[in-house]
Every structure is written in structure tokens, then in C-alpha cells.
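Let me begin by presenting the structure, written as C-alpha cells, before commenting on it.
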Amino acid sequence: MIVMKFGGTSVGSAEKIRNLKEIIERFDEEKVIVVSAMSGITDSLIRAGELSQKGDKDYLKEYLKIRDRHLSVMEELFLKTIKDVEKLLEELLNILKSIEVLGELTPRALDTIVSFGERMNVRIISEYLNRSGIKSTYLDANKFLITTDDFGHASPIYEKIKEKAKPIFEKIFSEKIIPVVTGFIGATEDGRITTLGRGGSDFTATILGRILDAREVWIWTDVDGVMTADPRITEDAKPLPYISYIEAAELSYYGAKVLHPKTLSPVMEKNIPVRIKNTFNPDFSGTLIVKRIRKDKNIIKSITYIKNLSLVSVNGKGMLGIPGIAARVFKSAWRSKTNILMISQSSSEQNICLVVKKDEADNFIKFLFKEFEREIERKEIEGVLKEDGIAIISVVGAGMKGTPGIAGKVFSTLGRHGINIIAIAQGSSEYNISFVVRESEVREAVKSLHTELGLSLDKEGIKVVEIVQFGVGKVGKSLIKLILSERKRIEKEERIRIVYRGLLRSNSYVLGEETEKYIKEENFNFPKKGKPDLSELIRKRNTVFVDVTNSDEITDILIDALKHGANAVTSNKKNLVKSFKIFKSLTDSKGKFYFETTVGASLPVIKTLLNLMETGDKIKRIVSLPSGSLSFIFHHLNRGKDIVEAIELAMKLGYTEPNPMDDLKGTDILRKTLILARIIGKKIELSHVDFEEFVKSNSLEDFKKGEIGIFRDRINKMRESGFVYPVSRIEGRKVKVSLEVFGKNSEFYNLKPGENIFLIYTKRYNKNPVIIKGIGAGPLITASGVLSDILRVGREI
């Protein structure tokens, strides 16, 4: 025998009631049907009761909404109404009028009012089943489900229930009739209607499962089962095929809305499985909740949360070493009927933090002040404080027990995403880690944990790297295309998910999740103008600020981001050639800062230098041509091509700086030389480099009109002795950039067009230098280097 419970969203209209009938017909096994009120009806009943107590005539509007909803469903199903439902509607109206007259709404009266939702619905559903050829009868649970008199949250009395329920159900089953039972409601021994608490229809189903020795209890709802997270927050949340009783209980207690928190207690003792199924996807197996799962590889099962909470803290040096303080706090909670959801106490015993529902906090604090009145007067307790707008997030999984490192993964993930933890609690069972955050951070916390702890996949977690990119020029667009084309592979192989959270141009920008829409559409007309607010992003350790501009106005933003713990990657040399003090602010920072592409595009020059120095080697000399554009231009000059033709070809291929004269003047090599010198420890400024511009013109047009002839003659004369290339030399205190001639035996002589070359002489590699050589120009090459630095950040955070 199966007990099937259908929630409000599964029975909230005529169409859904028809769907319920089709589901019932699928299964031949003996069954009991438990149903909730139609979705939204319980809330309307509560509002009607509260309004009538205040004497507010709007309670009649709520009543009419309730009446019309039920009449409409009956008209659609039967083309007329049912007398039993009409009688209940009339009874409800009379009770509301009586409350209006008395001006009092007791918990007992409220339980009676809210019971009408289920009582009307079972009559409609049972009637529809009978008219569809399925023998059925409705059954009000207050006829057999005996409870305590705790109105609003009554507890079942199992012996009394069994005594009354057994003969009722035996008779029904003997006649091959399907009972449709009211969920949520019960009654005291003397017949007064009670309720089991909001969502209590689940509880009714498992109580019946226990009393009737059901094979399974099926909870039909509007999702495919217990999910790994709230799918409204995490689009890749998935249903769990199995979870244990203890895991399900932890999840329901900490906010998972699939189950009522008390649902599992009746069936655990008898090991009756509970299955969560989707009314709108009945063929899906759903989630099976059992005592224990064998060979369960999933350490963490789900992440859940509770909002609308307050943090209440009792603080004071006088609490230190004084026994009974905690007991008095809990006594105040009991007296004020406050449910404590989480407790955290400092090891110094000077602080106790309790998380309670927001609407219970003020009353709880009144009782605490009364309890500790003397201690507060004597300054032994400094105060009772309240903080609203907080939430509890819980990471749940039986596999966490005895598995080291889970808490570390949880908290390091939150730290990377800039989420501050206010309080932490972990029970000795180790089945969950719960912590308090600000309510505004719940979405980011749940989403990041779900991804990075591996719940979106059946594998290890994925790190999320969020990019804020400055610049959408040639390199910027190439980087976007490269990331879009490679990120699936990167996620699969590197376990790093790259997402865009910002794109900024000189006069417009877009920030947040909508950034992804713009990059996928290649739409760079951004909606926002003015100065962007980056304050939240700079505090997240998984944010990478990427500067692929040619501007010198981004430096302060990068310094601020790095100071607060975010990371930065740049291909923009102008950030690094300002004062040595600014250089150190960038490179000696809290966040990670990588700038490999400022020197050799995608060649591993900086990384190699740092690796050599980290192992104790000493850099003695660097001879290099760190410019792919000048390598390309001079390669063609050395083979007789005209200077203007060589420059224009380099520009066409995207090899040059935005202003090609930055290359031809030698300014670009000068900047790269200064960066190299600073990397190997030289505390120098740009003015300390021995450098004379190769040409004086500031634009290509001026160059063509003026000094082209002089420059052409100079190169031709130098070429008589070999090939001419611009060279950077760093040796001892001497740092120089100049044009030099190389013979056939030189490494420079055989350079291919666009190749960079770096000869690194060290204490260990003195006579035979470390040589790094390769293409070092073009937007795609530079973008590749930038992406490599981004991935490096992703691996290290």
C-alpha cells in the first residue's frame, strides 16, 4: 500500500485535479490519497481571520475570493456545485462574522478557520474521482488523527490515532474504495480541530504511512525531487536520486521547502521509504529517502538556506566562567515561545549568538532583558543586540562525517567570492555545516558553493573566475572570442569556469550577469554611462580585473582592487612604467597580479625570470628584442622592403601599437625594458634608461613628410655590416635601448618576421644563455597570453 500526498500546487485548479486522477490511475496498488488546500487558500483563510478580528470588512473580500475559487473549480469539473462544499462555505462565513463581533482570534479559532481549505478540497476531489469511475470517499483527518492541544503546531498521539484509524481504513479498504484524506489537520481527544503547522500535509501522509504500515509514502509536488540547491538561484541544480533520512531532515529544517521539517519522524522508526515526485513529470523517479545509502560517493548532497532571520547576541565580560548563562538564555526562548534555529558561542564564553525568526526576535529580546536585568544593571552583561537582514546557509551531506577538508573548501569558496561569515555552527553529527551571512549575499553564496563544491556535476568542484574587462579594442575583442571558444574545454580540463561580470569602455559599461548577454551577442554598445561602482567586485577574491587597453587611467582601479584582495591581469605596459612606487603597489599586493603579456606577448619571459630567481640563480644580463612589431618591420627592412610599406603591412596584420610610431620611435621597447629591469630587482625610473628615440615624428604622416629619408639612409648604412634590429640590453647598472647590427652568427640574424627573442645570462647560464624565442605580435597572440594569466589566477585562488 502507498500513501500519496498531493500539495497545493498539485491540486490548485480543475486541470490539476484531472491530472491527479490520471496519476492515481497509473498505479494499481492499494493507496491512500492525502491532499492539501488549493495553492494560496490557506494564506487567504488566515488573512480573512485576521481582518475579521480587526473589524475590517475586507475580510469579506477574502472570503469571496475563497468562495469564488472553489465554485469556479466545481463549475469546471461538474457544471454545478457540491452541497457539502456549499455548507462548509456557509459555516466559514458564519465563523468569520462571529470573530468580527467578538474581536478575538484565538489559536484554536484560527486552526478551525484554516482547516476549511483541506476540508473543501477533499470533497471536490473525491466527487471528481467518483464521477470518473474511481470509487472514492473523503475523510476528514480530525475524525481519527488525535493530537495534543498545541493549536497551530499540534503533535500526533500515535496510540490514539492507531486506535481510531485502523477500523476506519480497514472498512474502506475492504470495500475497494480509495480514501481522500485531509492533510494538515487533526483534533484533540475531545474533538477540537488542530493543525500540524504550515506544510503539515506531508506530516499527515507519513503519520498515515506509519499507522497503516505503508510500503512507501509518495509526496507529490511541483519539482522533480529534493534538489541540490534552489533552482531559482542555481540554474544547474539537479534532483538527487537518493538521500538518507538524516540528510532530508537537516535539509527540511534548514529551509528546503520540499518537505515539512517533522515529515520523516513517523516513518524513520519503521524504515518506510519516502519518495518525492513531480506531479507534472510523473514518469520521473524523483528522490527516494531511506535510512541509509550504500556506496554513496557524493559527500555533499545539497545547499539550502533560510531567510527573514535575526541574529540575537548576549554579550558581556561578566559571562566568563559563570555557569547557567546559556540555560537562562534558553529559558527565555522557551518562555517567549521562540524557536532557536542556530546557536554559536565564542570559546571565551563572553558571547552567545542565536539565530531566530525575524518576527520572533523583538519578543525574545524583551524576555532576555527581563531575565538578565540585574546583570545588565551591574554591567556584567553589556547588552542584548539584534541584527536583522541575515540568513542561514547549510551545506548538508552524510558523507561529510569523517571527511577532512570540507569546511575548508566551503569557507575558502566564500572567501574567494567576498562573502563575509557572521557566525558558524557544526553539529557533532558532522552532517551539516551551517553559517550566517547577510541576506543580500545568499544568492551569490549558494550559487558559488553549488558550483565549486561540485554539486552541478557528478565530479569534483569547479572554481568560478569572474572577469571584469577594461577595453574592447583589437586585443579585447580577441580575448572575448578566445574565451567563448575555449571555456567549455577549460571547464572540463582545468575545472575553472570563466564568466564575465563586467565590460568597460572609455565612455560606457555594463556590469553584472547581463554582461554575458552582451559578449555572446558581440554587442559593445553598453547601456550605462559615467563612473561604474566596482566596490562589491573589488572585494571578491575570485574577481580578475583585466586591462587590455592602451590607457594610463586604469592603474588606480587595479591598485585599489588588488589592495582589497581581487586580482588583476594586464597587457597594458603603461600601468607598469609609472613611478617605481606605483610598480611596487601593483606587484606587492594582497591580490594576484600577472602581466606576462606586457613584455613578450604569450611568451613565458617573466615567469622564467621569476622561476630562475626563486631557485637562487642571479640574472647577470638580458639581451632582447621584445617587440614583435619591430621584429616584423626590421625583418622586411633588412631584406630591402621600403620602410613605409613594412609599417603599413605590420599595421594591417595588427602587429603594431595603436599608434605605430610608439613602435618605430622605440617607446614600446623602452617600456618593456623598464619592466624587465624592475622584475629582476632594479629600482629605476623610465628616465634612467639610456635611450634615444629612433625617430622623432609623432605620427606616420609626419614621418612620411619629414625624417623618412634620414631614417632610411641610417638603416641602409648600418645594413652594410649585417642585419639591423632594435635591442634592449640590461647588464649590471646599465640599461640601454638602441639600434644594433648583427652578423650571420648571431641569434638575431635568423629571426623570423614578428619573432621576439630574449637571451638571459645568469650565474648558472653564463656562457650558454637561456633563450626564449617566438612570435610576439598580434591581437590573438596577446589575448592568448592574457588568458594564460587569467587561468593562472584561477588555479591559485
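Residue numbers (this note's numbering): 10 to 806.
Cβ atoms here follow ideal geometry from the backbone N, Cα and C, with glycine treated the same way.
Residue interval of the alpha helix (DSSP H) (run including residue i)
i    : result
S261 : 254-262
I728 : Ile is not the amino acid found at residue 728; the sequence shown has Arg there. Start and end: 717-728.
N130 : 116-140
G637 : 637-646
P822 : Outside the shown range of the chain (10 to 806) lies residue 822, about which nothing can therefore be said.
V235 : Element bounds for V235: n/a, residue is neither H nor E.
N620 : 614-623
N838 : Given that the chain is displayed from residue 10 to residue 806, the structure contains no residue 838 and the question cannot be resolved.
R738 : Counting along the chain, R738 falls outside any alpha helix (DSSP H), though it belongs to the beta strand (DSSP E) covering 732-740.
Pair within 9 Å by beta-carbon distance, residue i and residue j
i    : j    : result
V519 : F643 : no
S706 : E694 : no
N324 : L394 : yes
G16  : T230 : yes
E34  : I170 : no
V226 : K14  : yes
N532 : F289 : no
G195 : L154 : yes
M10  : V43  : no
R201 : R140 : no
S22  : S210 : no
V94  : I26  : no
V477 : G803 : no
N429 : Y263 : no
I689 : I781 : no
V445 : F373 : no
Extent of the continuous beta strand (DSSP E) run through residue i
i    : result
N287 : 283-287
R550 : Per DSSP, R550 belongs to no beta strand (DSSP E) and is neither H nor E.
F535 : Segment: none, F535 is in no beta strand (DSSP E) and carries neither H nor E.
I202 : 202-204
P188 : 187-191
N151 : Premise fails: N151 is in no beta strand (DSSP E) and is neither H nor E.
L314 : One point to set straight first is that residue 314 is Tyr, not Leu, in the sequence displayed. That run of the beta strand (DSSP E) goes 311-324.
A196 : 194-196
L80  : Here L80 belongs to no beta strand (DSSP E); instead the alpha helix (DSSP H) covers 67-87.
F479 : 472-479
R630 : 628-634
M660 : Where M660 is concerned, there is no enclosing beta strand (DSSP E), although the alpha helix (DSSP H) it sits in stretches over 652-661.
Cβ shell of residue i (< 7 Å), same chain only, five flanking positions each side left out
i    : result
M344 : As written in the sequence, residue 344 is Arg, which differs from the Met given in the question. F376.
K468 : Legend: pLDDT at K468 = 49, less than 50; position of this residue unreliable, no value from coordinates given.
A819 : Missing from the structure shown is residue 819; the chain here goes from 10 to 806 and no further.
P215 : The sequence as given places Thr at residue 215; Pro does not occur at that position. Around T215: V226, T272, L273, P275, V276, V283.
L114 : G58, E59, Q62, I108
R738 : V632, K745
I790 : A610, S611, I784
S48  : G17, T18, G21
Same chain, Cβ closer than 6 Å to residue i, five either side skipped, listed in chain order
i    : result
K92  : none
Y68  : A57, L60, S61, L105
G208 : H269
S443 : M351, I401, S403, A434
I177 : F153
L1   : Since the first residue of the chain shown is 10 and the last is 806, residue 1 is not available in this structure.
V451 : Y314, A400
Cβ shell of residue i (< 8 Å), same chain only, five flanking positions each side left out
i    : result
I656 : I642, T665, P669, L673, L709
L309 : Here residue 309 is Ile; the residue named in the question, Leu, does not match the sequence. Result list for I309: V404, V405, G406, G408, M409, I415, L462, G463, L464, in chain order.
G787 : A610, G637, L662, G663, Y664, G763
E301 : Rather than Glu, the amino acid found at residue 301 in this sequence is Arg. Correct list, in chain order: S253.
I349 : F339, A342, L363, V364, V365
I55  : L119, I122, V123
K743 : D699
Residue-chain proximity (residue i, chain C), Cβ-Cβ < 9 Å
i    : result
I133 : Checking the listed chains, one finds no chain C in this structure; it contains a single protein chain.
| Along the chain, which unbroken stretches of the beta strand (DSSP E) at least 3 residues long are found entirely within the region 397-470? | 432-435, 441-447
| message | Whether or not the region 379-397 and the region 454-463 are in contact is what I'm after, with contact meaning three or more pairs of Cβ atoms, one per stretch, closer than 8 Å; do they touch? | response | Of all C-beta pairs linking the region 454-463 to the region 379-397, fewer than three are shorter than 8 Å, placing the two stretches out of contact.
| Which runs of the alpha helix (DSSP H) spanning at least 4 residues fall entirely within the region 669-709, listed in chain order? | 669-673, 676-688
| said: Is it the case that the region 504-512 contacts the region 541-557, given that we only count it when at least three CB pairs across the two stretches are under 8 Å? | reply: yes
| field | contact_flag[the region 638-654, the region 609-629] where n(CB pairs < 8 Å) is 3 or more | value | In the pairwise beta carbon analysis, the region 638-654 is classified as not touching the region 609-629: fewer than three pairs are separated by under 8 Å.
| said: Whether or not the region 645-659 and the region 574-588 are in contact is what I'm after, with contact meaning three or more pairs of Cβ atoms, one per stretch, closer than 8 Å; do they touch? | reply: no
| message | Quick check for students: name the residue ranges of the beta strand (DSSP E) that lie wholly in the region 332-382, counting only runs of 3 or more. | response | 349-354, 360-366
| query | Do three or more CB pairs link the region 490-497 to the region 551-561 at distances below 8 Å? | reply | no
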